[in-house]
Every structure is written in C-alpha cells, then in structure tokens.
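Undergrad: Let me give you the structure first, and then I'll get to my questions.
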Amino acid sequence: MKRPALRIPLLPRLRTGNPQLLRGLRARLVVGFLVVAALSALTTALLTYQEARNAILQRSQDIAVNDLRAQVNSLAPELPVPPAQADLDSLRVQLERSGKSRDWDISVHYSGVRDSGDGSLRGDVVVPDDLKASVEKRHVPAFQRVDRGGDPWLLIGMPVRQSDGRASALTVYAQLPLSAEESNVEALVSAAQRGALPVLVLTVVLALLAARGVLRPVRGLRQAAGRIAEGKLDTRLEVKGADEIADLSRTFNDMAARLEESMAELRRLESNSRRFAADVSHELRTPLAAMTAVTDVLDEDADSLDPDTASAVRLISQETGKLARMVEDLMEVSRFDAGAAALHLDEVDVGETIRKTLQARAWQKRVTAQLPADVRAGLDPRRLDVVVANLVGNALHHGGEPVRVRLHAPEPGADRLLIEISDSGPGIDPEVLPHVFERFYKADSARARSEGSGLGLAIAMENVRLHGGSMRAANSPEGGAVFTVDLPLRHEEAGEPASEGSADPPDDEASTAGGPAADDERDGVRSRAGKETHA
Amino acid sequence: MPRVLLIEDDAAVRDGVSLALRRRGHEVAAAASGEEGLEVLPGFRPDIVLLDLMLPGKDGFEVCRLIRAERQLPIIMLTARGDDLDVVLGLEAGADDYIVKPARGEVLEARMRAVLRRTALPADGTPAAAEPGPAPVETYGELAIDRAGLVVGKGGQDLALAPSEMKLLLFLSATPGQVFSRQQLLEHVWEHSYHGDARLVDACVMRLRTKIEDIPRSPRYVQTVRGFGYRFGPL
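Top to bottom, those sequences are chains A and B. According to my numbering, the first sequence is numbered sequentially starting from 1. According to my numbering, the second sequence is numbered sequentially starting from 1001.
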C-alpha cells in the first residue's frame, strides 16, 4: 500500500514500480473482481453444462431404447425358434434398416447359435462383461456409454421376452453414435465460453472504474496528509457525498484544523515568551546604561569612603557590570531566537583572528595556542571572537589550565575548518555532556552562580550554527574537556557593497596583505592591481 | 579638555554620562532632544557630539545629517547593541563611530579620544608628521593632501571630510598600493579591537568615495581588493 510514502519520503522512489503496482489497491480490486466474476461464471457454466448434458443424453438414450424395444418387439415374434444363423442375420439387417436414420449398429445373439463374424458390432467394440451379464443372465435391458475412437457411443443391450413374458434366449445389442448430442453439449460449452470472455473484460473495466472511485479520494487524502507532514497545516480536503470516504475526509479536516490551532497557539506562546525576554532585557538596558556610566565614579571614590560604604559601593559597581553583561547575553539570545542575528562575512586569517581574541583578553599566557598561518576563511570575525572567547573563558573557569586552542589547517580541497579548545580539568560528567549547550544549564549546583550569565556556551553554539557549522563537546581520553568547532570553510567575497568588477586577487597577495611587506613585493601588488582596475 | 555635546533623551542616562564625563574633566552640554541639541550647538561650539539615535521628534539620523551638512566635527552615536540597522543608517548619515550602551565612563573616554586624535599612523608605525621639514602637499591625480594642515583638495577646491574620512584617507595614502584588511583599518584608524565592526570601515569608504572619486562606483583612489580589504591607488 502507499502508507509508508508519508513517513519515509525516500523509500517509494527507491522501490521499483511493479511491486507497488501489484500491491496497489487498484490491482487488488481488479483481481478481486476478476476472481469473483470468473468463479461465478465457471460455477454457473459447470452446473448448467452438467445438467444440460445429462438431460440431453438421457433423452436420447430413452428414445433410442424405446425405439429399439419397439422394433425388436415387432420383429422378434416372426423369428423361428430356434432360429438359424440366417434368421438371426436377417433380423439384424431388418433392425438395422429400421433404424437407418439413427445409424444403428445391431448385433443379435441367440444362446446356442454361434455368432457369425459379420454379426458382431463394428469397430471391434466388445460388449463389457457386466452389461452382458445383466442382459443375458438377469434379462434386463441395459445401456452404457462407451468411447469409440474418441467419440461417444451408446451401447444398448436388450433381452427379448417371449409373448408369455418369459425370457427368451434372444438378445439384441445395438450401438449408436451420440455425436449429435455431443455437439449440442459442445455448443453449450462454447456458448458459455463466448459469454464469459466479454463478462470478464467488462469486469476489469468495472473494477477499474470502482478502483478509480475509491482511489481518487484516497490519493487526495494521501497528498493532503503529505502536505500536513510538510507543515502546511492549512491543508483541507473537499468533502463530497456522504460515504465512508467523505466521513474520513471530514475527520481529516477536523484533525488538520485542531493541529493548526494548537500549532498557532504554541507558536503564539513561544513568541510571547521570547518577546517577553527581549522586552525585559530591552527595558533593563536603559537604567543599566545610566548606572554603568557612573560605575567609574563609584570605583574612584570608594577609597575615600568609610570601609562599609566603600564595600557597598564596590559591590554595586561590580554587580552592575555583571548585570549589564547578562542583559547583553539575553539580548543576544533573543536576537538569535527572533532570527535577527546577521552574519557579516569577511575573508580573514583565522589564526590571526583567534590570536587577537586571546590578546584582547590577556589570555596569551594562560592559553597554549597552535595557530597555523595563512588559514583563510570567509566568516564573521566578531562572531568567531565571541565563540572562541566563550569557549576559552569556559575552559579557564570550569576546566583546568593549561588550556589549549588548536586550529587545524584544512587539507587542500577540504571544506571544513576545525578549531579545538581543550582544558586539563577533570572533564565533563557524561550525564551533563548532552546539556552543556543548553541555556542556563549549570553543571554543578554548588557553583550555581558562576562568572558568566549561563548563556555563554549557548551563545557560542548559536554563533557557530549561524555560520552553518556545528559544535561538539566531549572528554578527551587523557582527561579534560574538548570542545570542537566545525565551520564550513567558505571563501566568500568580503561584504563590500560597492563592486568594481575586479577579479579575485592572486593567492600570493595574501602575504602582502597583512603587515608590512617588502618593497619589491608591494610593487608587484601595485602593478598587478593597476592592471586589474584599469584594464 | 574637549567640549562635549551630549544629545540623549533619557534623563538618567543623560545625567549619568554627563557626570562621568565631567568627572574626567570635560565640559559637557546636555540636550534632551535633537532640536535642543541643534539649538545649543552654535553657541557651545563643542569639539565632539555624542548622539543618541532614538530621540523624540527629530531622530538621531536626521540630527546627524543636519550637523554634518554644516560642520565636520566628530560625531559618535550612542546605540544599543544589535540594533544593526540603526548602526548602518547612522554611519550612512555621517557618524564617525558608535558606542554601544551600556558603556562605562572609561570606554566613552577612550572612544572619544580615538576619534579626536588628529593623525592616523600607517601600519609600519612611521608617523607622517615625523618627516623632516614641513611636509609638502602630496598630490595624487587631482587629489591634493596636506598632511600637516589636514586639508584635502580636489581640483583646487577643499573637500569637507568628516574626521573619520580624513583619517582613513591619510592612513591609506601614506603607503599607496598597500592593502589593508578591514580589521587592520579598524585597529589603526578607529582604534577599535581587531574584532570590531567592519561596517564602520565600509560605510566610511563609501562616504569618502562620494567626496573624492569622480565616479564613486568605479573608484580610482580608494580601491577594493576583494577578499582582502582596501588600498589607496595606484593611480
């Protein structure tokens, strides 16, 4: 059936057409109709054939037996007793002549008189013993159908009674062809055959029509269910008639409507809660902006205040800073949720970008960096900075030093860029591992209030995803946690809005692009560039 | 100490920022709306403007354009992080830099100082002013650059360049033909971190081109090297 098509959209294409055709509802309907029609035709034909054949044969037999008896009865009394061979022959000839129209073949026997050679039945038909016995011993007429050369014949044995009713020694055997009757029966069979064929053809047509009537709504249902599965929840079926399929369509429509309603409700709730988080952080930001601006003032003057007030003032200053960072992180997450996070791709030296991240936070001494030169990739350097800073910060806070940052120089032709950040701490609890990128997930309840907002890794993950990359957390066999950032290594154009039609510069320009370059190299760039722009 | 005009509608932020700047020795005039700020401007004669973008009445972009039309004094936008479109529009309106709120006093100070610094140093660290004798006026095509006097002329006419545009042009033209990545320009011209907002550079290049190039869409002076950055010339 077509059921699996919905769940596994790939499989139906993989399957070859034929098995599906055979298993299809249409084929099953056609076969079913055919079997029923053929069975009924066959049964009717068989019964009719049997009855008709028996009736036809019975009637011919009765007539033949009666005719023979009448002839024998009229001719036998003239036979002298005991008859000579010649008398018997003449009786046989007379009988045969009287039954000319029937093409009788007669043989006459009289016990005690030897049968002459030409008096026996033609075609070497031997009268079966049981027929002979029933006629000559028990003196009752008997008949039997025999097969002579493939044609049906009737064999009649008739004992002749004397006028006083006693059995005489005279017996008459006759055989006559039943070919006329047989051809009647055959006509019957061929009539049945001729009738059955169009009926079967008609059956196929009817079955196809019925299948179409059932299958069309079923196909509609399947397509509609497929659209629902694709997420088009506004899909509805047209309800026609009042049959079971119409009922099914109605139920389907109800289901789709409910589904659409619940999904809309869920979406509304979700977007409400997201908007709430965004609004709250937004509202918090203005007072925070005022407070943050004056924290310097507090810090500077704290020394001249009395110790308690000084502590209170420093606390307020510090916590204002943390609050501001948290609100920023919340805003950042809200932007990701709202799909408002923009990617500003730039072709950068990845090693340089990571080194600058470490420098900006004075981490060079605490972090071992393995950053091969000249790994260039199209990415958003600000976002890569956030990713690396969050991962290294996390490793420094929760792992153990030394922390290592390793940029894997991609193989030529590779399209992935791997950055590995590992620490030398105890590693991450395997139960916690699947949750490390969840928002506000605290691995250790004792450290419920950590340095960060609890959003650092989630934000790092979102930033990596925005690049079309992925991030993994694992424990290394040597101990310590390893975070792996996997980014697509695309070389996109710098996001420069003005286009001047200049082609991509040759690769060796990379060396002159960064930092001070030797004069001759610079001249090389100049002459090349001149051609590019003005040619 | 530089005189600062602060245009910010939220009273608490206005007071906080004013307080922080005054403590650092600046003379501060605070305006609660764009109209008020434009009114104060001629009399106060600030060295720099801190401009909030979300203002009642005339918004920050319009105020920025109105100031730019008359004066080439440094303008720094105050913006909320992630209001990406605001940043782009503000830079197009002629702002030299932006500061994300909330910001500490020292961040405000550092950014203002960077914008106010009058000369930009080329990457190799040789200050143009250190050359012996009075620096001659350099000419590149129709462009005349007077490094000492901070005057740029084209075809004999002085051009009105905003501070960031001037610094970018001076920086790039100090080593004609050398390519600088956006990140390098951010570090040297804007004194941002390496991971700063590269749109600052792009927006400034666009504005500079409309002023110095004959056909801004096919520039002669400030050229793009795709995938790497920008360079001055070669002509």
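Cβ coordinates follow ideal geometry from the N, Cα and C atoms, glycine included.
Is there a C-beta anywhere in chain A that falls below 9 Å from the one on residue 1207(B)?
TA: For the purposes of this step, residue 1207(B) is taken as residue 207 along the second sequence, with counting starting at 1. Closer than 9 Å: no.
Undergrad: Identify the contact partners of residue 288(A) in chain B, using a Cβ-Cβ distance below 9 Å as the criterion.
TA: Numbered from 1 along the first sequence, position 288 holds the residue referred to as residue 288(A). By Cβ distance, chain B contributes 1101, 1102.
Undergrad: Are any of the Cβ atoms in chain A nearer than 9 Å to that of residue 1025(B)?
TA: By one-based count along the second sequence, residue 1025(B) stands at place 25. With 9 Å as the cut-off, residue 1025(B) does not count as an interface residue toward chain A.
Undergrad: Taking residue 358(A) as the reference, which of 403(A), 211(A), 70(A) has the closest Cα?
TA: Walking along the first sequence from the start, residue 358(A) turns up at place 358. Measuring from the Cα of residue 358(A), the nearest candidate turns out to be 403(A).
Undergrad: In chain B, which residues lie less than 7 Å from residue 488(A) when you measure between Cβ atoms?
TA: By 1-based counting over the first sequence, the position of residue 488(A) is 488. None at all; the shortest Cβ gap to chain B is about 16 Å.
Undergrad: Using a Cβ cut-off of 7 Å, which residues of the stretch 361–388 of chain A contact any Cβ in chain B, in chain order?
TA: Residues 381, 382, 385.
Undergrad: Report the neighbours of residue 1019(B) on chain A: residues whose CB is nearer than 7 Å to its CB, in chain order.
TA: For this step, residue 1019(B) is matched to residue 19 along the second sequence. Neighbours of residue 1019(B) on chain A, chain order: 294, 297.
Undergrad: Going by C-alpha to C-alpha distance, which of 1222(B), 1088(B), 1037(B), 1017(B) sits closest to residue 1112(B)?
TA: In the second sequence, residue 1112(B) corresponds to position 112, counting from 1. It is 1017(B).
Undergrad: Can you give the beta carbon distance from residue 420(A) to residue 484(A), rounded, assuming they're within the 8 Å contact cut?
TA: Position 420 of the first sequence, counted from the first residue, corresponds to residue 420(A). Position 484 of the first sequence, counted from the first residue, corresponds to residue 484(A). Right, their Cβ atoms sit about 5 Å apart.
Undergrad: Roughly how many angstroms separate the alpha carbons of residue 280(A) and residue 218(A), rounded to a whole number?
TA: Here residue 280(A) refers to the residue found at position 280 when the first sequence is read from its first residue. Here residue 218(A) refers to the residue found at position 218 when the first sequence is read from its first residue. Near 51 Å, if we compare the C-alpha coordinates of residue 218(A) and residue 280(A).
Undergrad: Could you compute how far the alpha carbon of residue 1185(B) sits from the alpha carbon of residue 307(A)?
TA: Within the second sequence, the letter at position 185 stands for residue 1185(B). Within the first sequence, the letter at position 307 stands for residue 307(A). Each residue's alpha carbon lies about 46 Å from the other.
Undergrad: List the endpoints of the continuous alpha helix (DSSP H) containing residue 49(A).
TA: Taking the first sequence and counting its residues from 1, the one referred to as residue 49(A) is at position 49. Unbroken alpha helix (DSSP H) run through residue 49(A): 25–75.
Undergrad: Among 1027(B), 1094(B), 1205(B), which has the Cα closest to the Cα of residue 1168(B)?
TA: Along the second sequence, one-based indexing puts residue 1168(B) at 168. With distances taken between Cα atoms, residue 1168(B) lies closest to 1205(B).
Undergrad: By the 7 Å beta-carbon criterion, what residues does the stretch 339–352 of chain A contribute toward chain B?
TA: 342, 344, 346, 347, 348
Undergrad: Determine the direct distance from the alpha carbon of residue 273(A) to that of residue 1109(B), and round the result to whole angstroms.
TA: For the purposes of this step, residue 1109(B) is taken as the residue at position 109 of the second sequence. For the purposes of this step, residue 273(A) is taken as the residue at position 273 of the first sequence. Cα-Cα distance, rounded: 38 Å.
Undergrad: Let me confirm a value: residue 1104(B) is counted as buried when at least 16 other C-beta atoms fall within 10 Å, else exposed. Which label applies?
TA: Along the second sequence, read from residue 1 onward, the residue named residue 1104(B) stands at position 104. Around the beta-carbon of residue 1104(B), 16 or more other beta-carbon atoms lie within 10 Å, marking it buried.
Undergrad: Mind checking which residues open and close the alpha helix (DSSP H) that includes residue 415(A)?
TA: In the first sequence, counting from the first residue as 1, residue 415(A) sits at position 415. Unbroken run through residue 415(A): none, as it is neither H nor E.
Undergrad: In three-state DSSP terms, what is residue 1148(B)?
TA: The count along the second sequence starts at 1 and reaches residue 1148(B) at position 148. Correct three-state label for residue 1148(B): coil.
Undergrad: Checking contacts by CB at 9 Å: is residue 300(A) closer than that to chain B?
TA: Translated into the one-based positions of the first sequence, residue 300(A) becomes position 300. Judged by the 9 Å Cβ criterion, residue 300(A) is in contact with chain B.
Undergrad: By the DSSP assignment, the alpha helix (DSSP H) with residue 269(A) in it spans what residues?
TA: Here residue 269(A) corresponds to residue number 269 of the first sequence, with the count starting at 1. Unbroken alpha helix (DSSP H) run through residue 269(A): 244–302.
Undergrad: Which residues bound the beta strand (DSSP E) around residue 408(A)?
TA: Against the first sequence, residue 408(A) aligns to sequence position 408. It spans 403–408 - the beta strand (DSSP E) in which residue 408(A) sits, taken as one unbroken run.
Undergrad: Considering only C-alpha positions, which residue in the set 150(A), 329(A), 80(A), 51(A) is nearest to residue 188(A)?
TA: On the first sequence, position 188 is the one that residue 188(A) refers to. Ranking the options by Cα distance to residue 188(A), first place goes to 51(A).
Undergrad: At the level of alpha carbons, what is the spacing between residue 302(A) and residue 329(A)?
TA: Numbered from its first residue, the first sequence carries residue 302(A) at position 302. Numbered from its first residue, the first sequence carries residue 329(A) at position 329. Each residue's alpha carbon lies about 29 Å from the other.
Undergrad: What span of residues does the alpha helix (DSSP H) with residue 318(A) cover, start to end?
TA: Here residue 318(A) refers to the residue found at position 318 when the first sequence is read from its first residue. From DSSP, the alpha helix (DSSP H) with residue 318(A) extends over 307–337.
Undergrad: Assuming contact is defined by CB atoms lying nearer than 9 Å, are residue 393(A) and residue 480(A) in contact in what I supplied?
TA: Residue mapping note: residue 393(A) aligns to position 393 of the first sequence, counting from 1. Residue mapping note: residue 480(A) aligns to position 480 of the first sequence, counting from 1. The answer is no: Cβ separation not under 9 Å.
Undergrad: Is DSSP giving residue 163(A) helix, strand or coil here?
TA: As a working mapping, residue 163(A) is identified with position 163 in the first sequence. If DSSP states are grouped into helix, strand and coil, residue 163(A) belongs with coil.
Undergrad: In its own chain, which residues sit with a C-beta less than 6 Å from the C-beta of residue 364(A), not counting the 5 before and 5 after it?
TA: Residue mapping note: residue 364(A) aligns to position 364 of the first sequence, counting from 1. For residue 364(A), where only same-chain residues beyond five positions count, the Cβ hits under 6 Å are 358.
Undergrad: Determine, using beta carbons only, whether residue 1012(B) and residue 331(A) come nearer to each other than 9 Å.
TA: The sequence position of residue 1012(B) within the second sequence is 12, counting from 1. The sequence position of residue 331(A) within the first sequence is 331, counting from 1. No, the Cβ-Cβ distance between residue 1012(B) and residue 331(A) is not below 9 Å.
Undergrad: Among all the DSSP beta bridges, which residues are the ones paired with residue 1031(B)?
TA: Locating residue 1031(B) in the second sequence gives position 31, where the first residue counts as 1. Paired residue(s): 1007(B).
Undergrad: Can you tell me whether residue 1218(B) is helix, strand or coil according to DSSP?
TA: Indexing the second sequence from 1 puts residue 1218(B) at position 218. Here residue 1218(B) sits in coil by DSSP.
Undergrad: Give the straight-line distance between the Cα atoms of residue 1233(B) and residue 1054(B), rounded to the nearest whole angstrom.
TA: In the second sequence, counting from the first residue as 1, residue 1233(B) sits at position 233. In the second sequence, counting from the first residue as 1, residue 1054(B) sits at position 54. Distance between the alpha carbons of residue 1233(B) and residue 1054(B): 39 Å.
Undergrad: Tell me whether residue 320(A) is buried or exposed, calling it buried when 16 or more other Cβ atoms sit within 10 Å of its Cβ.
TA: Here the question's residue 320(A) lines up with position 320 in the first sequence. Classification of residue 320(A): buried, given that the 10 Å Cβ count is 16 or more.
Undergrad: Candidates 1065(B), 1214(B), 1092(B): which alpha carbon is nearest residue 1142(B)'s?
TA: Locating residue 1142(B) in the second sequence gives position 142, where the first residue counts as 1. Considering only alpha carbons, the answer is 1214(B).
Undergrad: Can you find a C-beta in chain A that's less than 9 Å from the C-beta of residue 1033(B)?
TA: Start at 1 with the first residue of the second sequence, and residue 1033(B) comes out as number 33. Chain A contact via Cβ: absent.
Undergrad: Note down, in chain order, each residue of its chain lying with its Cβ closer than 6 Å to the Cβ of residue 490(A), except the 5 sequence neighbours on either side.
TA: If you number the first sequence from 1, residue 490(A) lands on position 490. Only 378 meet the Cβ criterion.
Undergrad: Classify residue 461(A): buried if its beta carbon has 16 or more other beta carbons within 10 angstroms, exposed otherwise.
TA: Reading the first sequence from its first residue, position 461 is the one you call residue 461(A). With 16 or more Cβ atoms within 10 Å of its Cβ, residue 461(A) is classed as buried.
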